[in-house]
Structures are given as structure tokens and as C-alpha cells.
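Enquirer: My questions will all concern the structure given below.
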Amino acid sequence: MTGGDDFLTPAHLGGPPVDTDNCAREPIHIPGAVQPHGALLVLRADDERAVQVSANSEAFVGVAPDALLGQHLADLVGDQGAAALRAAFAQAGPSAMTLTFRNGRTYDVTARRDGELLLMELEPPDVRAGTPALYHAIRDALGALEHAPDLHALLDVAAQRVRALTGLDRVMIYRFAADDSGEVVAEARAPHLHAFLGHRFPESDIPRQARALYVQHLLRFTADAGGGQVPLVPALNPVTNAPLQMGALVLRATSPVHLQYLRNMGVIASMSVSIVQDGRLWGLIACHHGAAHVVPQATRDACEFLGRVLSLQITAKRDAAVNAR
Ligand SMILES: C=CC1=C(C)/C(=C/C2=[NH+]C(=C\c3[nH]c(/C=C4\NC(=O)[C@@H](C)\C4=C/C)c(C)c3CCC(=O)O)/C(CCC(=O)O)=C2C)NC1=O
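Mapping of the sequence shown onto numbering that gives the first Met the number 0: position 270 corresponds to residue 269, and the numbering continues sequentially without gaps.
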């Protein structure tokens with residue numbers, strides 16, 4: 000996804016307010032801000048020096064943006080950390096690691112290269128990362144998905160297992176119809192919550208640019224729908240002279256329109272994992288929580304993995320049903 004004339008100018012660059020008439024053109028991939036539970040550092044690949052950072056950098060790495068811009072990778076994480084990051088930046092996709100910064104603080108870091116830029120997303124470390132309990136939960140979920148007898152049972156199992164893995168209040172399987180409206184076709188929820196199962200929602204609830212982004216990037220997460228957002232400094236990336244492309248970033252600030260939608264539903268934290276079939280968004284694993292909550296990196300990665308397995312199993316169940324005729 001790029002900027003282009005089919006998107007509005009971002010609000011932080013003087014664009015118009017987003018409303019129900021133009022929200023399908025909201026440039027959600029270039030919000031120019033991150034969610035406050037993490038921090039973003041962007042370095043130029045050529046010289047490994049910081050060129051754009053989130054305004055909350057001092058709270059994370061102990062250096063305010065003005066002093067941080069221009070600093071070298073090794074200044075931030077030492078030579079050993081820099082070597083680990085170089086190996087990560089050389090990978091095709093994102094790499095997850097835990098690093099201790101020069102100020103003595105340790106973070107879960109998601110590192111990736113995007114063209115001429117090196118991106119580092121910092122989040123508070125996850126105590127469950129790499130624990131046997133997480134691996135057992137993933138392995139058990141895999142087995143349950145593979146042994147589901149039909150599509151209906153498969154979707155129920157997926158909702159139950161993601162809820163068990165994350166501890167979120169509600170996990171739904173949301174299936175898109177041909178007209179891109181959708182229906183909640185499976186649900187695992189806390190007993191005190193009313194059911195969304197069987198409810199249908201209009202196409203506009205997940206507009207076209209969001210659906211397009213979600214085919215490319217399989218997981219998005221909002222830790223606190225009332226938590227505000229932290230701008231990038233400077234607003235435009237000095238290497239590209241354009242807004243930073245943030246569609247792949249888990250810290251990407253969520254559309255304010257969607258944040259209002261979540262608050263109206265009494266939902267404070269939200270996560271969804273794409274279910275993709277034949278290159279099209281078949282549906283979502285849509286998760287809600289009634290309080291601000293950070294789903295840790297390792298748990299998010301496990302949910303994204305289960306989403307990929309679910310997509311494959313849906314294909315397998317569909318093909319089995321066709322062959323059984
Ligand atoms: C139980 C049913 C149920 C439904 C149907 C549901 C919808 C839903 N909307 C989502 C995203 C967005 N919606 C809008 C815009 C609008 N939404 C509207 O209703 C109108 C007012 C509107 C504009 C006029 C935008 C810009 C985004 C992109 C946000 C971003 O990625 O930055 C997501 C994925 C994100 C997530 O996981 O929370 C979900 C899962 N979530 C549920 O639980």
C-alpha cells in the first residue's frame with residue numbers, strides 16, 4: 000500500500016478529519032504515530048544511524064529524540080546487540096529478539112529492514128516467551144485444529160484455543176460474505192458477556208483499505224483504545240522524504256475512527272488475525288478485551304501461527320467436502 004490519490008492526506012500532515020463518508024480512504028498505513036506501550040526506532044541502513052524515532056524514546060532508551068537522532072546502532076545496544084540486529088535485518092521478514100539497551104533496560108524487539116530503513120519496535124519483555132507452557136499450548140492447539148471433524152468444529156476449536164492462549168475476554172471467528180459484510184460464525188467468550196455469535200455486520204465496519212492491508216499483514220493489535228498515540232519525530236522520514244510506511248508494524252497507531260468504534264462497544268484492547276484463502280481475506284480471528292492489555296510478542300506470534308494453520312485447515316476441510324460429494 001502506498002499513499003497515492005486514493006487515500007486522504009494523513010491528519011497529522013494537515014489532512015481532513017475522517018468521518019463515515021471518507022473513512023474508506025483513511026491512510027491507516029501511514030498514521031505517523033505509534034501506540035504508547037512501545038517505542039519505535041528507525042535507522043538509515045547505509046550508516047546504521049537513527050533518522051526517525053517515536054517521541055517517547057527517552058522513557059524507553061533514556062535518550063530524548065533530539066539527542067537520539069544521529070546516534071549509531073552500537074551506541075544504543077552495544078557491539079553484541081548490534082551484531083544480533085544486523086543478522087536480523089538481513090532476514091526477509093521481521094525477527095523477534097530480546098535486547099538490553101545501553102541504559103540497562105531490556106525490551107522485546109521486533110526488527111526488520113524495509114528498503115533503505117532499519118526498523119526496531121520496542122516493547123516491555125514478555126515473561127512467558129520461550130516457556131514450556133507456551134509451547135505446550137501451541138502444540139495442543141495444533142492437534143485440536145488438525146483433528147476437528149468439520150469446518151464448524153474447526154472454527155469453534157480455533158476460537159476456544161486462541162482464547163485459552165491469550166486469556167482475552169472474547170475471541171470470535173468473523174467470516175466475510177461475498178459483499179464483504181461479515182458474520183460471527185464462532186465465539187469463545189467470558190460467561191458474563193452477551194453473545195455476538197450469529198450477528199452480522201456491514202462491509203463498512205472493516206473498510207476496503209483495512210481489508211487490503213490485512214491480506215498483506217496478518218496481525219494487528221490495539222493495547223488501549225483510550226491510550227492515545229505517540230508521534231514520530233520528525234513527522235516525515237528524512238531518508239524517503241515521505242511518511243513512514245507502518246502497515247507491517249505491530250506498534251502502528253490504530254485508526255481513531257476504529258478506536259471510537261471499539262470504545263462504543265466497551266472494548267479497550269483488540270487484536271485480529273487474518274484468515275486468508277486464495278489471496279482473499281476469508282475472515283478474521285477477532286479478539287476483544289474489556290481493559291487495556293498488551294498481548295506479548297511471543298503470544299501474538301503464536302496466534303499468527305495458529306491463524307496460518309487455521310487458513311490451511313479451512314482449505315483442507317473445504318477440499319474434503321468437495322471430494323466427498
Ligand atoms: C463483532 C464484530 C466486529 C466487527 C464488525 C469489527 C470490526 C473491525 N473493524 C476493524 C478495523 C477498522 N474499521 C475501520 C473503520 C470503520 N469501522 C466502522 O464501523 C466505521 C465507522 C468505519 C469508518 C467509517 C478502520 C479504519 C479500521 C482499521 C483499523 C486499523 O487497522 O488501524 C477491525 C480490525 C482491527 C481490530 O482487530 O480491532 C475489526 C475487527 N470488530 C468486531 O469485533
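The C-beta atom is built at its ideal place from N, Cα and C for all residues, glycine as well.
Report whether the distance from the Cβ of R219 to the nearest heavy atom of ligand 1 is below 7 Å.
Expert: For the purposes of this step, residue 219 is taken as residue 220 along the sequence shown, with counting starting at 1. Within the cutoff, so yes.
Enquirer: With DSSP run on the structure shown, which of helix, strand or coil describes A285?
Expert: Taking the sequence shown and counting its residues from 1, the one referred to as residue 285 is at position 286. A285 falls in the strand class under three-state DSSP.
Enquirer: If we count the other Cβ atoms within 10 Å of its Cβ and call it buried at 16 or more, is H146 buried or exposed?
Expert: Indexing the sequence shown from 1 puts residue 146 at position 147. H146 comes out exposed.
Enquirer: Taking the alpha-carbon positions, what's the A44 to D168 distance?
Expert: Taking the first residue of the sequence shown as position 1, residue 44 is located at position 45. Taking the first residue of the sequence shown as position 1, residue 168 is located at position 169. Their backbone Cα atoms lie some 41 Å apart in a straight line.
Enquirer: Pull up the CB-CB distance for L242 and L12, whole angstroms please, since I reckon it's below 8 Å.
Expert: Position 243 of the sequence shown holds residue 242. Position 13 of the sequence shown holds residue 12. The question names Leu, but residue 242 in the sequence shown is Pro. Between L12 and P242 the Cβ distance is about 7 Å, and since that is below 8 Å, they are a contact.
Enquirer: Take the Cβ of N236 as the centre, count every other Cβ of all protein chains shown within 10 Å, and call the residue buried at 16 or more, exposed below.
Expert: As a first step, residue 236 is located in the sequence shown; it is residue number 237 there, counting from the start. With 16 or more other Cβ atoms within 10 Å, it is buried.
Enquirer: Could you please give me the residues that DSSP links to M245 through a beta bridge?
Expert: Residue 245 sits at position 246 when you count from the first residue of the sequence shown. According to DSSP, which records beta bridges pairwise, M245 is partnered with nothing at all.
Enquirer: For the beta strand (DSSP E) containing S94, list its first residue and its last residue.
Expert: For the purposes of this step, residue 94 is identified with residue 95 of the sequence shown, where counting begins at 1. Looking at the DSSP string, the run of the beta strand (DSSP E) that includes S94 is 94 to 99.
Enquirer: Pop quiz: I172 and A157 are said to be a contact at Cβ under 8 Å. What is the actual Cβ separation, rounded to whole angstroms?
Expert: Counted from its first residue, the sequence shown places residue 172 at position 173. Counted from its first residue, the sequence shown places residue 157 at position 158. Right, their Cβ atoms sit about 6 Å apart.
Enquirer: May I ask you to report which of helix, strand or coil DSSP gives G2?
Expert: Translated into positions along the sequence shown, residue 2 becomes position 3. Annotation note: pLDDT 45 at G2 (below 50); position unreliable, no value reported.
Enquirer: How is the beta strand (DSSP E) around F175 delimited, first residue to last?
Expert: Counting from one through the sequence shown, the residue named residue 175 turns up at place 176. It spans 169 to 175 - the beta strand (DSSP E) in which F175 sits, taken as one unbroken run.
Enquirer: Measure the beta-carbon distance from R160 to A140 and round it to whole angstroms, keeping in mind my assumption that it falls under 8 Å.
Expert: Your numbering for residue 160 matches position 161 in the sequence shown. Your numbering for residue 140 matches position 141 in the sequence shown. Confirmed, Cβ separation roughly 4 Å.
Enquirer: Under DSSP, the alpha helix (DSSP H) around T321 begins and ends at which residues?
Expert: For the purposes of this step, residue 321 is taken as the residue at position 322 of the sequence shown. Here residue 321 is Val; the residue named in the question, Thr, does not match the sequence. Run containing V321: 296 to 323, per the alpha helix (DSSP H) assignment.
Enquirer: Using only the alpha-carbon positions, how far apart do Q215 and I205 sit?
Expert: In the sequence shown, counting from the first residue as 1, residue 215 sits at position 216. In the sequence shown, counting from the first residue as 1, residue 205 sits at position 206. Rounded to the nearest angstrom, the two C-alpha atoms are 15 Å apart.
Enquirer: Within the present structure, is the beta-carbon of L283 separated from the nearest heavy atom of ligand 1 by less than 7 Å?
Expert: On the sequence shown, residue 283 is found 284 positions in, with the first residue counted as 1. Because some heavy atom of ligand 1 lies under 7 Å away, the Cβ of L283 counts as near it: yes.
Enquirer: For Q90, is the classification buried or exposed, using 16 other Cβ atoms within 10 angstroms of its Cβ as the cut-off for buried?
Expert: Taking the first residue of the sequence shown as position 1, residue 90 is located at position 91. Under this definition Q90 is an exposed residue.
Enquirer: Please tell me whether E303 and L164 are closer than 8 Å, where the distance is taken between their beta carbons.
Expert: Here residue 303 refers to the residue found at position 304 of the sequence shown. Here residue 164 refers to the residue found at position 165 of the sequence shown. Cβ distance not < 8 Å, so E303 and L164 don't count as in contact.
Enquirer: Where does the unbroken beta strand (DSSP E) through T105 begin, and where does it stop?
Expert: Translated into the one-based positions of the sequence shown, residue 105 becomes position 106. Taken as a continuous stretch (DSSP letters only), the beta strand (DSSP E) holding T105 covers 105 to 113.
Enquirer: Tell me, to the nearest whole angstrom, how far the beta carbon of S271 is from that of L283; I am working on the premise that it is less than 8 Å.
Expert: Along the sequence shown, one-based indexing puts residue 271 at 272. Along the sequence shown, one-based indexing puts residue 283 at 284. So it is a contact: roughly 5 Å between Cβ atoms.
Enquirer: Comparing alpha-carbon positions, which option in L212, P233, T105 lies nearest A329?
Expert: Any answer about residue 329 is impossible in this case: the structure gives the chain only from 0 up to 324.
Enquirer: If I'm right that V294 touches T109 with Cβ under 8 Å, what's the distance once you round it to whole angstroms?
Expert: Along the sequence shown, read from residue 1 onward, the residue named residue 294 stands at position 295. Along the sequence shown, read from residue 1 onward, the residue named residue 109 stands at position 110. Rounded, the Cβ-Cβ distance is 13 Å, inconsistent with contact.
Enquirer: Which of the three DSSP states is assigned to F59 in this structure?
Expert: Here residue 59 refers to the residue found at position 60 of the sequence shown. Three-state DSSP puts F59 in a helix.
Enquirer: Please classify G306 as buried or exposed, where buried requires at least 16 neighbouring CB atoms within 10 angstroms.
Expert: Mapped onto the sequence shown, residue 306 falls at position 307. It is buried - the Cβ of G306 has at least 16 other Cβ atoms within 10 Å.
Enquirer: Run the proximity test for M245: is its beta-carbon closer than 7 Å to any non-hydrogen atom belonging to ligand 1?
Expert: As a working mapping, residue 245 is identified with position 246 in the sequence shown. Not under cutoff, so the answer is no.
Enquirer: State yes or no: is the C-beta of V229 within less than 8 Å of the C-beta of Q51?
Expert: Taking the first residue of the sequence shown as position 1, residue 229 is located at position 230. Taking the first residue of the sequence shown as position 1, residue 51 is located at position 52. Taking 8 Å as the Cβ cut-off, V229 and Q51 do not qualify as a contacting pair.
Enquirer: How about I29 and Q208: are their beta carbons less than 8 Å apart?
Expert: On the sequence shown, residue 29 is found 30 positions in, with the first residue counted as 1. On the sequence shown, residue 208 is found 209 positions in, with the first residue counted as 1. Not closer than 8 Å, so no.
Enquirer: If you reduce the DSSP assignment to three classes, tell me which class N240 lands in.
Expert: Counted from its first residue, the sequence shown places residue 240 at position 241. Correct three-state label for N240: coil.
Enquirer: Below 7 Å, is the gap between the Cβ of E25 and the nearest heavy atom of ligand 2?
Expert: Absence of ligand 2 is noted for the structure shown, with ligand 1 being the only ligands found.
Enquirer: Using the C-alpha atoms, what's the distance from G227 back to D335?
Expert: Nothing can be reported for residue 335, as the shown portion of the chain is limited to 0 through 324.
Enquirer: Give me the Cα-Cα distance between A291 and D223, rounded to the nearest whole angstrom.
Expert: As a working mapping, residue 291 is identified with position 292 in the sequence shown. As a working mapping, residue 223 is identified with position 224 in the sequence shown. Distance between the alpha carbons of A291 and D223 is about 5 Å.
Enquirer: Please indicate yes or no: does the CB of C302 lie closer than 7 Å to some heavy atom of ligand 1?
Expert: Counting from one through the sequence shown, the residue named residue 302 turns up at place 303. Not so, every heavy atom of ligand 1 lies at least 7 Å from the Cβ.
Enquirer: Within its chain, find whatever has a CB closer than 7 Å to the CB of A87; leave out the 5 residues flanking it on each side and keep chain order.
Expert: Here residue 87 is taken as the residue at index 88 of the sequence shown, counted from 1. Only S94, M96, A110 meet the Cβ criterion.
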